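*Asks:*
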Amino acid sequence: MPSEIERLELVSKPYTRIGVSLDLGSLDARVLSHAQSLAQLNGAHLILMHIVEGVGGQLFGKQAYDDETRDDMQHLEKHAEEIRNTGIDVQAVLGFGRVPKEIIRIAKEQKIDLLIMGGHGHSGIKDLIFGTSVSKVRHGLKIPVLVIQ
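Per our numbering, the very first residue in the sequence shown carries number 1103; after that it's consecutive.
1) Helix, strand or coil, according to DSSP, for ALA1182 in the structure here?
2) In the DSSP assignment, find the unbroken alpha helix (DSSP H) run with SER1235 in it and report its ends.
3) Do three or more CB pairs link the region 1147–1156 to the region 1196–1204 at distances below 8 Å?
4) What is the rounded straight-line gap between the Cα of GLN1251 and the Cα of GLY1127?
5) The alpha helix (DSSP H) with LEU1150 in it runs from where to where?
6) May I have the straight-line CA-CA distance separating LEU1110 from PRO1116, to the nearest angstrom?
7) Indicate the three-state DSSP secondary structure (helix, strand or coil) for SER1256 in the structure shown.
8) Could you work out which residue in LYS1203, LYS1210 and ASP1173 is closest to ILE1149 when comparing CA atoms only?
9) On the three-state DSSP scale, how would you describe ILE1227?
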């Protein structure tokens, strides 16, 4: 005699603050497209984030105002403005230093309830050299992390 299948209690949870980690590279358009769609469906606020990894960012943190920091903020603000033009509430936040640690810090500080990030598909030796930001981030947070390939 087959056992009864337990009925699942499914509860919808709207996302209100969606974090979007960008590396200002080739995956950003895809990541932003997914983020924009989810924000529109949920009426959510987007927090675009990028981590300045250069020497200035590593050494001086928020006090770094080198060319890399200015360029990164300009790119991030450009993306934010494009999304604002669609009617979505969005803000841009820069972090400085180690990528996983800063993404986790910003996500917690901004009270994000969903994080979207690009997965670069490194494997093998590249993962050993570059580390796996996605893995470190998802283990450091207690919120859903959507990885876009």
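Beta carbons are placed, not taken as given, at the ideal position from N, Cα and C, and that holds for glycine. Being a predicted model, the structure only gives us computed values, none of them experimental.
*Replies:* Let me spell this out:
1) Here the question's residue 1182 lines up with position 80 in the sequence shown. In this structure, ALA1182 counts as helix in the three-state DSSP scheme.
2) Residue numbering aside, residue 1235 sits at position 133 when the sequence shown is read from its first letter. For SER1235, the enclosing alpha helix (DSSP H) has its first and last residue at 1235–1242.
3) yes
4) The residue labelled residue 1251 in the question sits at position 149 within the sequence shown. The residue labelled residue 1127 in the question sits at position 25 within the sequence shown. Going by the C-alpha atoms only, they are around 13 Å apart.
5) Start at 1 with the first residue of the sequence shown, and residue 1150 comes out as number 48. Note, LEU1150: premise wrong, no alpha helix (DSSP H); beta strand (DSSP E) at 1147–1154.
6) Taking the sequence shown and counting its residues from 1, the one referred to as residue 1110 is at position 8. Taking the sequence shown and counting its residues from 1, the one referred to as residue 1116 is at position 14. Computed Cα separation, rounded: 19 Å.
7) There is no way to answer for residue 1256, as the model of the chain reaches only from 1103 to 1251.
8) For the purposes of this step, residue 1149 is taken as the residue at position 47 of the sequence shown. For ILE1149, the nearest C-alpha among the options comes from LYS1210.
9) Taking the sequence shown and counting its residues from 1, the one referred to as residue 1227 is at position 125. Because ILE1227 carries a pLDDT of 46, less than 50, the predicted location of this residue cannot be relied on, and no value is offered for it.
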